[in-house]
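In the numbering used here, each residue carries its 1-based index in the sequence shown increased by 5. All remarks here apply to the structure that follows.
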Amino acid sequence: MTKIFLRKKIGLRIANGHPWIFANEIEKIDGNVNPGDIVEVYTGDQKFVGKGYINPKSQITVRLLTRDKDETIDESFFFRKIKNAWDYRQKIGYTENCRLVFGEADFLPALIIDKFNDYFVIQTLAYGIEVWKEAIVKALNNIFKPKGIYERNDVPVRELEGLEQKKGFLSEPFDTNIIINENGLRFYVDIENGQKTGYFLDQQDNRRAIEHIVKGADVLGVFTYTGTFEIYAAHYGAKSVVGLDISERAVAEATKNAELNGLSDICSFQAVNAFDVLKLWGSEKRQFDVVMLDPPAFTKSRENIQKAIAGYKEINLRGMKLVKPGGFLVTSSCTNLVSPELFIETIYLAAKDAKRKLRQVTFKAQASDHPIIWGIENTNYLKFLIVQVL
Ligand code: SAH
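Below, the structure written as structure tokens:
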């Protein structure tokens, strides 16, 4: 097996358990390598670090799969890892829908598997995991006997690995418009054409957190996508709910989901640009009891972080202005590039500009089926905050 030797000062990051090895951390490669090969990694002074897959084309040259020298990376390795991931999800209370594998947090770097009851959606986001796709599908078939498996590899990040973007069936074809149950509500999930893997499971625990504050309330939900938070609000007893999204498609899905749950008389959705509408409604002095914001990442790269923060600040400032004194703001950020501290700071600055005082009700991360591994920063990505706006 090809051996990789790290530079003398092996990063503490790797020693402390981070699975990524960057090109500039490698001193020497002993042997030939092809993208996807399994290699052994050693420190400069010959101490075994782990085994992982290599892609010389990628900035993240090696991603470690194991720290155990005796563990073989084969089909049964992937079966064991996926089985472990499922055991863990069940242990913490997930049965029907969950992120079954959350990449690095399940020690399977660059692999995402979402479980929508009997259906599975996979993303293999690095060369070295792509080559194990068949083994992964086989493991899913063994463990779950699924009704269908689909790959949503239509993601630009694959190109950094020299992989094409694609999507399609990894099982017999099936109707990709499925219905899931979540906390007693039902939602259509469009596995083939929905955003990401079709549905945002990462907010599933947080959606329950709005239960008490929306009772009898006039609610505005911004960045609604398939209408999840809004439909929860209606279900929990809101008086009226308006949901906004820039995508006509999302609004059509949200409308269908409200119908599916018998909540169409309470929920309505509009396809508009949130920045424009919030500004307009602010100038009209419209007021809501609860405003919920769940914007997209605004940036995928560190270089644009300031722009993203400006976006978060603006949307929160505008949102806050629409909250009646004593009402609530429910606000999220889904990029790991904005730390929890920076997010809080941004909301605080928005409140100062809006001349409003905030009282924190709850501050959380993503749902627990997306575990956070301490020391692997990108596993801690979602911020979910509820504040009372005084
Ligand atoms: N709340 C949703 C997820 C929202 S994802 C859930 O829990 O499932 C972010 C959404 O913001 C996407 O649907 C996207 O279409 C929408 N969006 C992006 N930019 C927007 C803008 N300027 N105005 C309104 N919606 C926007």
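Don't be surprised by glycine CBs; every beta carbon is placed ideally from N, CA and C. It should be emphasised that the depicted structure is a prediction, and the values quoted were computed from it without experimental measurement.
Quiz item: Leaving out the 5 sequence neighbours to the left and right, which residues in its chain are closer than 7 Å to N122 when beta-carbon positions are compared?
Solution: E101, N102, I185
Quiz item: Which whole-angstrom value describes the C-beta separation of V296 and L334, a residue pair presumed to lie in contact below a C-beta threshold of 8 Å?
Solution: 5 Å
Quiz item: Relative to the ligand SAH, is the shortest distance from any of its heavy atoms to the C-beta of Y386 smaller than 8 Å?
Solution: no
Quiz item: In chain order, what residues have a CB nearer than 5 Å to some heavy atom of the ligand SAH?
Solution: F205, Q208, F228, Y230, T233, D250, I251, S252, A255, N278, A279, D299, P301
Quiz item: Between the Cα of G57 and the Cα atoms of D50, I65, V44, Q51, which residue gives the shortest distance?
Solution: V44
Quiz prompt | Beta-carbon proximity check, L298 vs N278, cutoff 9 Å | solution = no
Quiz item: Can we say the stretch 89-96 touches the stretch 65-74, given the rule of at least three CB pairs closer than 8 Å?
Solution: no
Quiz prompt | Segment limits, beta strand (DSSP E) that includes D281 | solution = Careful: D281 lies outside any beta strand (DSSP E), inside the alpha helix (DSSP H) at 279-288.
Practice problem: Ignore the nearest five residues each way along the sequence and tell me which others in S337's own chain have a CB closer than 8 Å to its CB. | Solution: Q208, N211, L298, D299, P300, L387, K388, F389, L390
Quiz prompt | Residues near R213 in its chain [Cβ-Cβ closer than 7 Å; skip 5 each side] | solution = N188
Quiz item: Closest by CA to I381, which one among R68, V46, P40, G36?
Solution: R68
Exercise. Assign T77 to buried or exposed, taking buried as 16 or more other Cβ atoms, counted over all protein chains shown, within 10 Å of its Cβ.
Key: exposed
Self-check item: Start and end residues, beta strand (DSSP E) containing Q311
Solution: Counting along the chain, Q311 falls outside any beta strand (DSSP E), though it belongs to the alpha helix (DSSP H) covering 310-326.
Practice problem: Identify every run of the alpha helix (DSSP H) within the stretch 44-114, keeping only runs that are complete inside it and at least 4 residues long; order them along the chain. | Solution: 80-96
Practice problem: Using beta-carbon positions only, say whether F280 and V247 come within less than 9 Å of one another. | Solution: no
Self-check item: R364, buried or exposed, once every other Cβ within 10 Å from all chains shown has been counted against 16
Solution: exposed
Exercise. Whole angstroms is fine: what's the gap from K362's alpha carbon to V392's?
Key: 10 Å
Quiz prompt | Delimiting residues of the alpha helix (DSSP H) encompassing V219 | solution = Note, V219: premise wrong, no alpha helix (DSSP H); not H, not E.
Practice problem: My understanding is that L206 touches R104, with C-beta atoms under 8 Å, so please give their C-beta distance in whole angstroms. | Solution: 5 Å
Quiz item: Going by DSSP, what residues sit across from W25 in a beta bridge?
Solution: R68
Quiz item: Using DSSP with H/G/I as helix, E/B as strand and the rest coil, what is P300?
Solution: coil
Self-check item: Beta-carbon proximity list for G16, same chain, < 7 Å, skipping 5 on both sides
Solution: E30
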